[in-house]
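Numbering (my numbering), first residue to last: 8 to 189.
As structure tokens, the structure follows; a few thoughts come after it.
See below:
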């Protein structure tokens, strides 16, 4: 396998993953942490909605870059990421590849859920005329806002945790790859 091509695919994979992790961690710590000091929930929603709206295209691009890098790397390493056939069940991915695939899907699901819940917060707090503070919200919109904020509480940490686990998984597999080449 051409070394330069493999390095380019791995570089795309790792760069996309680094931006994905960095953005999610900065959002959880910096943006959401700052919004927690806002005057009320509507002001906090305005801060976070503005920040995440600006970040979303960059984050989506990072995820896409990561997936393109993964696909290119897997295509180059096609014969090295599978175990032999088992009892007529076809070829089975090696455990490390399977774990990284499941973790990637989980991180994408958590990112998507976070986006959806963020939009729910934005709509509950910011849609409508005359809403400038939390006191302006009717009871139903206030309940929707509180429920959405609760849902975001755990997922804001799931994305950085899952993407950090992916980085650790890729780092763990690198020494194995150099040994196999010799």
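Virtual Cβ for every residue (Gly too), placed ideally from N, Cα, C.
A quick note: this is a predicted structure, and the numbers were derived from the prediction, not measured.
Asked                                                                                                   : Found
The stretch 136-155 touching the stretch 101-117, judged by at least three CB pairs closer than 8 Å     : no
C-beta contact flag for residue 23 and residue 66 at 8 Å                                                : no
Cβ separation of residue 110 and residue 176, assumed to be a contact under 8 Å, to the nearest whole Å : 7 Å
Option nearest residue 60 by Cα separation, candidates 165, 71, 120 and 125                             : 125
Straight-line gap, residue 140 to residue 120 (C-alpha atoms, nearest Å)                                : 26 Å
Reduced DSSP secondary structure (H/G/I, E/B, other) of residue 178                                     : helix
Contact under 8 Å by Cβ, residue 180 with residue 129                                                   : no
Per-residue DSSP class, three states only, for residue 132                                              : helix
Cα-Cα separation, residue 39 to residue 15                                                              : 34 Å
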